[in-house]
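Enquirer: Pasting in a structure now, in C-alpha cells, and then I'll have a few things to ask.
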Amino acid sequence: MYLKYITFFVFVIVSLLFNYQMPAKVIDRIQMITVVGYDAIDQNKIQETVVSPKYQQEAQVEDFIYSDTAATVYENRVNLNAKATERLLNGKLQIAFYDRELAEQGVEDFIEYLTRDPSIGGTLNLAVAEESAHALINSVKTGKGRGVFFNDLFDHNIRHGNLPQTNLKEFQSALMSETCDPFLPMLSVEDESAALTAIALFDDDKYVDKLPINKADVFKLLYQNVSDGNYQFKNDKYIVALENVESDKDVVFEPTGGSGEVTFNVKLRGVVREYTGKEIINQLTAIEKDIKQDIEQRGENLISRLQELDIDPLDIEGAVKSSNRNYNKEQFKSTYSEMPINVNVSVKITGTGTRR
31 MYLKYITFFV FVIVSLLFNY QMPAKVIDRI QMITVVGYDA IDQNKIQETV
81 VSPKYQQEAQ VEDFIYSDTA ATVYENRVNL NAKATERLLN GKLQIAFYDR
131 ELAEQGVEDF IEYLTRDPSI GGTLNLAVAE ESAHALINSV KTGKGRGVFF
181 NDLFDHNIRH GNLPQTNLKE FQSALMSETC DPFLPMLSVE DESAALTAIA
231 LFDDDKYVDK LPINKADVFK LLYQNVSDGN YQFKNDKYIV ALENVESDKD
281 VVFEPTGGSG EVTFNVKLRG VVREYTGKEI INQLTAIEKD IKQDIEQRGE
331 NLISRLQELD IDPLDIEGAV KSSNRNYNKE QFKSTYSEMP INVNVSVKIT
381 GTGTRR
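Numbering (my numbering), first residue to last: 31 to 386.
Printed below as a string of C-alpha cells:
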C-alpha cells in the first residue's frame with residue numbers, strides 16, 4: 031500500500047526535476063514559423079524564406095517574412111534568427127515549398143531535416159513551387175495568415191478536388207518504399223496570386239515531370255478511393271458534370287505469361303449537376319458508356335506516360351509484389367515499361383438533380 035504512494039511521489043519529483051532542466055520557451059519570446067520555402071540559388075547555396083504570423087486585434091494576422099541565403103538549412107536558420115526579434119521555431123510549421131530546380135536536384139536531405147525535428151508532425155504539407163518559392167509565398171495577400179491560406183488550399187483540393195492525399199508522412203513513406211515513387215502538389219503564381227496548377231511527379235526524390243491539375247482526376251481515381259469528388263465529360267453532343275463522385279478501385283495482377291498483366295478496376299458513382307444535351311432520362315446509359323470509355327482511355331494514356339518515364343507513383347509494383355509469389359524486383363523493373371496495364375471502369379449515375 032505504502033509502496034504505491036512512494037512510487038507516485040518519486041514519479042512526480044522526477045518529472046518536476048526533468049521539466050526544470052528543460053529550456054524555457056516563453057510564448058512572448060518566440061516566433062512560430064508557419065510556412066517555409068527553399069530556392070536553389072547556385073550549386074552550393076539555397077535561399078530560405080520563412081513566414082511567422084503575429085496576431086493583431088479583431089482576428090487579423092500580420093505575417094512577418096524573413097529570407098536569407100546560405101549553404102545549409104541550419105546556417106540559414108542562424109542567419110534568419112539574427113534578423114528576427116524573437117527566436118524562430120518550427121512548432122507551427124504547416125507548409126514547406128521547394129522550387130522546381132531544387133526538386134530536380136533531389137529533396138531527400140530536406141525531408142530528412144523535417145523528420146528529425148520532433149516538433150513537426152507527419153501532416154505537414156509539402157509542395158513544389160514551379161518558379162520561385164520566395165515569390166510564391168510573397169504573392170499571397172490574406173488576413174488569415176499565409177499558413178492557414180495554403181493549408182486550406184490543400185485541404186479542400188484533397189477533399190473535393192483532383193489532388194490525391196499527400197503530406198510529409200505520405201511522401202516519406204513513398205520515398206522509403208521499394209515499390210513506388212512519390213508525388214507532390216505543384217503551385218504557381220497566376221494573376222498575381224498562388225494557385226494549385228499540377229501534380230509534380232518524382233523518380234525517387236527527384237522531380238521529373240508534372241501532370242496538370244485539371245487532368246489529374248483520373249490519376250486520383252487510380253491512386254485512391256474517392257469520396258465527394260467531381261468529374262466533367264464533354265463531346266460534340268453534350269457536356270455533363272458529375273458531383274458527389276464516389277469511387278472504389280482494385281488492382282488485380284494476372285500472371286499470364288511473360289511479365290503478367292495488371293488491371294485497375296474502378297467503380298464510379300455520381301450525380302449529374304450540369305447537362306447540356308437532350309432529355310437526360312433517355313440518355314443515361316449512353317452517358318455512362320461515354321464516361322466509362324473516357325476514363326479508361328485517359329487512364330491507360332496516363333499509365334503509358336508513367337511507364338515511359340519509368341516511374342510508379344500508382345504503386346503498380348506493390349500490387350504485383352503482394353499477389354505474385356514469383357515476384358522478382360529485377361524482372362519487374364526490366365519489364366515494367368512494356369507490361370500490359372489496363373483500366374476497367376464501371377459508371378453508375380445515381381441521380382440527375384431536380385429541374386425547377
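The C-beta atom is built at its ideal place from N, Cα and C for all residues, glycine as well.
Three-state secondary structure (DSSP) at Asn244?
Expert: Asn244 falls in the helix class under three-state DSSP.
Enquirer: What do you reckon, are the CB atoms on Phe201 and Ile125 nearer than 8 Å?
Expert: Cβ atoms of Phe201 and Ile125: not closer than 8 Å.
Enquirer: In angstroms with no decimal places, state the Cα-to-Cα distance between Ile150 and Ala271.
Expert: Each residue's alpha carbon lies about 39 Å from the other.
Enquirer: Between the alpha carbons of Ile171 and Ser223, how many angstroms are there, rounded?
Expert: As written in the sequence, residue 171 is Lys, which differs from the Ile given in the question. Cα to Cα, the separation comes out at about 8 Å.
Enquirer: DSSP three-state label for Gln254, please.
Expert: Three-state result, Gln254: coil.
Enquirer: Given that a residue counts as buried once 16 or more other Cβ atoms are within 10 Å of its Cβ, and exposed if not, what is Asn27?
Expert: The requested residue 27 is not part of the displayed model; the chain covers only 31 to 386.
Enquirer: Take Ala114 and list the residues in its own chain whose beta-carbon comes closer than 8 Å to its own, dropping the five residues that flank it on each side.
Expert: Answer for Ala114: Gln61, Ser82, Phe94 and Tyr96, listed in chain order.
Enquirer: How is Lys378 classed by DSSP in three states: helix, strand or coil?
Expert: Strand, per DSSP.
Enquirer: Glu284 to Tyr104, Cα distance in whole Å?
Expert: About 50 Å.
Enquirer: Kindly provide the ranges of any beta strand (DSSP E) runs that are 3 or more residues long and lie completely inside the region 186–244, ordered along the chain.
Expert: As far as the region 186–244 is concerned, its whole beta strand (DSSP E) runs of at least 3 residues are 213–220, 223–233 and 236–242.
Enquirer: Between Phe179 and chain B, is the shortest Cβ-Cβ distance under 8 Å, so that the two count as touching?
Expert: In summary, chain B is missing from the structure at hand, where a single protein chain is found.
Enquirer: Alpha carbon to alpha carbon, how far is Thr209 from Ile57? Give it in angstroms, no decimals.
Expert: Residue placement at Ile57 cannot be trusted, given a pLDDT of 49 that sits under 50; what the coordinates show is reported in the next sentence. Looking at the two C-alpha atoms, the distance is approximately 44 Å.
Enquirer: Are three or more beta carbon pairs between the region 231–248 and the region 336–346 nearer than 8 Å?
Expert: A contact exists between the region 231–248 and the region 336–346.
Enquirer: Decide if the region 245–254 is in contact with the region 314–329; the criterion is three or more beta carbon pairs, one per stretch, under 8 Å apart.
Expert: Result yes; three or more Cβ-Cβ pairs closer than 8 Å.
Enquirer: Give the secondary structure of Lys264 by DSSP, where H, G and I count as helix, E and B as strand, and everything else as coil.
Expert: In this structure, Lys264 counts as strand in the three-state DSSP scheme.
Enquirer: Mind reading off the beta-carbon distance from Val158 to Arg130? Whole number of angstroms is fine, and I expect it under 8 Å.
Expert: Sure, about 6 Å apart at Cβ, within 8 Å.
Enquirer: Quick one: what's Ile371 bridged to in DSSP?
Expert: Paired residues: Val292.
Enquirer: Express the C-alpha separation of Gly348 and Val281 in angstroms, rounding to a whole number.
Expert: Each residue's alpha carbon lies about 10 Å from the other.
Enquirer: Would you kindly work out how many angstroms separate the C-alpha atoms of Leu118 and Asn260, rounded to a whole number?
Expert: About 40 Å.
Enquirer: Around the Cβ of Ala133, are there at least 16 other Cβ atoms within 10 angstroms (buried) or fewer (exposed)?
Expert: Ala133 should be labelled buried.
Enquirer: Just to confirm the assignment: which complete alpha helix (DSSP H) runs, minimum length 4, are found wholly within the region 100–164?
Expert: Listed in chain order, the complete alpha helix (DSSP H) runs (minimum 4 residues) inside the region 100–164 are 103–111, 130–135 and 138–146.
Enquirer: Is it the case that the Cβ atoms of Glu161 and Thr227 are separated by a distance below 8 Å?
Expert: The answer is no: Cβ separation not under 8 Å.
Enquirer: Kindly list the residues whose CB is nearer than 6 Å to the CB of Lys199, restricted to its own chain and excluding five residues on each side of it in sequence; keep chain order.
Expert: Result list for Lys199: Gly152, in chain order.
Enquirer: Indicate, with yes or no, if the ligand SAM has a heavy atom lying under 7 Å from the CB of Asn197.
Expert: As far as ligands go, the structure on display features none, and thus does not contain the ligand SAM.
Enquirer: Grab me the residues of Ile269's own chain with a C-beta within less than 6 Å of its C-beta, minus the 5 sequence neighbours each way, in chain order.
Expert: Excluding sequence neighbours, Ile269 sits near Thr306.
Enquirer: In whole angstroms, what is the alpha-carbon distance linking Val178 and Ile167?
Expert: So the alpha carbons of these two residues sit roughly 12 Å apart.
Enquirer: Grab the span of the beta strand (DSSP E) containing Asp2 for me, first residue to last.
Expert: Lying before the first or after the last residue shown, residue 2 is absent from the chain, which here runs from 31 to 386.
Enquirer: Per DSSP, what kind of secondary structure is Asn358 in: helix, strand or coil?
Expert: Correct three-state label for Asn358: coil.
Enquirer: Report, in whole angstroms, the separation of the C-beta atoms of Val110 and Val80, which I expect to be a contact under 8 Å.
Expert: The question names Val, but residue 110 in the sequence shown is Leu. Confirmed, Cβ separation roughly 6 Å.
Enquirer: May I ask you to report which of helix, strand or coil DSSP gives Lys322?
Expert: The answer is helix: DSSP assigns Lys322 an H, G or I state.
Enquirer: Is the beta carbon of Ala165 less than 8 Å from the beta carbon of Phe127?
Expert: In this structure, Phe127 does not lie closer than 8 Å to Ala165 by Cβ.
Enquirer: Could you tell me the boundaries of the alpha helix (DSSP H) in which Val350 lies?
Expert: Run containing Val350: Ile346 to Ser353, per the alpha helix (DSSP H) assignment.
Enquirer: From Glu368 to Gln337, what distance separates their C-alpha atoms?
Expert: Cα-Cα distance, rounded: 8 Å.
Enquirer: Thinking C-alpha only, which one of Ile76, Tyr85 and Phe184 is nearest Gln135?
Expert: Of Ile76, Tyr85 and Phe184, the residue nearest in Cα terms is Ile76.
Enquirer: Counting C-beta neighbours from all protein chains within 10 Å, is the total for Met216 16 or more, i.e. buried, or is it exposed?
Expert: The residue in question, Met216, is buried, as its Cβ has 16 or more Cβ neighbours within 10 Å.
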